[in-house]
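Everything in the sequence shown is counted per our numbering, starting at 934 for the first residue and increasing by one.
A virtual CB, placed ideally from N, CA and C, is assigned to each residue, including glycine.
Bear in mind that the values here come from a model prediction, so they are computed numbers and not experimental data.
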Amino acid sequence: MINRRSFMKGSFAAGTLLASGVISKPGLIFAADSAGSKIQLGLVTYQWGKDWDIDAIIKNLQAARVNGVELRAGHKHGVEPGISADKRAEVKKRFADSPVKLVGLGSAECFDHVDPARLAKAIEDTKAFLRLSADLGASGVKVRPNDFHKEVEREKTIEQIGRSLNVVGKFAGELGQQVRLEVHGQCSELPVIKKILDIATDPNVGACWNSNKNDLAGDGLDANFNMIKTRLSSIAHIRPLDTPGYPWDRLVELLVKADYKGWLLLECSNAITDPVAALTKQRELFDSLIAKGQGK
934 MINRRSFMKG SFAAGTLLAS GVISKPGLIF AADSAGSKIQ LGLVTYQWGK DWDIDAIIKN
994 LQAARVNGVE LRAGHKHGVE PGISADKRAE VKKRFADSPV KLVGLGSAEC FDHVDPARLA
1054 KAIEDTKAFL RLSADLGASG VKVRPNDFHK EVEREKTIEQ IGRSLNVVGK FAGELGQQVR
1114 LEVHGQCSEL PVIKKILDIA TDPNVGACWN SNKNDLAGDG LDANFNMIKT RLSSIAHIRP
1174 LDTPGYPWDR LVELLVKADY KGWLLLECSN AITDPVAALT KQRELFDSLI AKGQGK
């Protein structure tokens, strides 16, 4: 069984460090030992990337200096739990031979089901994704909480989700993997996620920050972030960093101050005509926000 601290240290200690002890990016120089220096930028194959095969994913991300990817299930890449051992080895090698890190897999599995048979299936399907992730050399699987149901008390659903996460979290630990609970659905209020995580105490379970409007509810972004910051997984989902209506600069500042060592994964739905140009722009915005966050 791995604990979260050793998982994060082992998975994300590698960065673009120069011998002089700094991270160099166009127009920016970051001290390698500064808080936030190990935050990396990646992509979720949500809409940007959903029609790319693995070759296109690697080519486009490499060109834009976007260093990692979460493969969303059901998309053109074809990386699914049903693929053969030979195919798994091939996919693992293709990423290992490239500068793009396969960070994890994005499943749509959730644990709110009223039907016990559907809940049991979701748990087993999550385990299948975890096996696949381990075979590919990735580090974890994204899951969802997800909704409340009128015939079930809210607290009962919260408890069921938390207990289910403990089951898959224990299994993940045996494989050196992490279960990443996306802040999603009717459970996306951060106090609800906190209640779930208070039950899901397995160290291989963490929250995948999802950059929702609900992050700003109640006492605001800072309070909601601080509510779960010690249970953040090694990925967080972000929208394009020039999307209005969300305080991206403050979120990045909070992540820098927390010395987050994971991945910010772009989960983008807006239409684009030039993916490399769009990703390159996001890379520039990311670099600028990290530098700004480190300067405060």
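{"Query": "Segments of 3+ residues assigned as beta strand (DSSP E) that fall wholly inside the segment 1131–1172", "Result": "1138–1142 and 1165–1171"}
{"Query": "Same chain, Cβ closer than 7 Å to residue 1182, neighbours up to 5 away in sequence not counted", "Result": "1222 and 1225"}
{"Query": "For residue 1111, the residue or residues it bridges with in DSSP", "Result": "1073"}
{"Query": "DSSP three-state assignment for residue 1033, whether helix, strand or coil", "Result": "coil"}
{"Query": "Residue 1023 versus residue 1153: straight-line alpha-carbon distance, rounded", "Result": "45 Å"}
{"Query": "DSSP state of residue 1201 mapped onto helix, strand, coil", "Result": "coil"}
{"Query": "For residue 1196 and residue 1234, believed in contact at Cβ under 8 Å, the rounded distance", "Result": "With the chain covering only 934 through 1229, there is no way to say anything about residue 1234."}
{"Query": "Proximity to residue 1085 [Cα-Cα], best of 1076, 1049 and 1098", "Result": "1049"}
{"Query": "Beta carbon of residue 1194 nearer than 8 Å to that of residue 1034", "Result": "no"}
{"Query": "Nearest neighbour of residue 966, chosen from 1103, 1026 and 1189 [CA to CA]", "Result": "1189"}
{"Query": "Close beta carbons around residue 1174, own chain, < 7 Å, minus the five adjacent residues each side", "Result": "1181, 1215, 1218, 1219 and 1222"}
{"Query": "Classification of residue 1078 by the beta-carbon crowding that lies within 10 angstroms, buried from 16 upward", "Result": "buried"}
{"Query": "Backbone CA spacing between residue 1058 and residue 1106 [nearest angstrom]", "Result": "16 Å"}
{"Query": "Reduced DSSP secondary structure (H/G/I, E/B, other) of residue 1238", "Result": "Because the chain in this structure spans residues 934 to 1229, residue 1238 falls outside the shown range and cannot be described."}
{"Query": "For residue 1191, three-class secondary structure by DSSP", "Result": "coil"}
{"Query": "Nearest-angstrom beta carbon gap, residue 1109 and residue 1041 [assumed within contact, 8 Å]", "Result": "Not a contact, Cβ separation roughly 23 Å."}
{"Query": "Three-way DSSP call (helix, strand, coil) for residue 1230 in this model", "Result": "Residue 1230 is absent from the structure shown; the chain starts at 934 and stops at 1229."}
{"Query": "Straight-line Cα distance separating residue 1097 from residue 1054", "Result": "11 Å"}
{"Query": "Closest Cα partner of residue 1201 within the set 1170, 1156, 1184 and 1157", "Result": "1170"}
{"Query": "Identified DSSP bridge partners for residue 1005", "Result": "1039"}
{"Query": "Rounded Cβ spacing between residue 1101 and residue 1060 (contact assumed at less than 8 Å)", "Result": "6 Å"}
{"Query": "Burial state of residue 1015 (16 or more Cβ within 10 Å)", "Result": "exposed"}
{"Query": "Residues sharing a beta bridge with residue 977, DSSP", "Result": "1003"}
{"Query": "Residue 1118 and residue 1074 closer than 8 Å at C-beta", "Result": "no"}
{"Query": "Cα-Cα separation between residue 1095 and residue 1131, rounded to whole angstroms", "Result": "8 Å"}
{"Query": "Extent of the continuous alpha helix (DSSP H) run through residue 1225", "Result": "1208–1227"}
{"Query": "Three-state class that DSSP yields for residue 1098 in the structure shown", "Result": "helix"}
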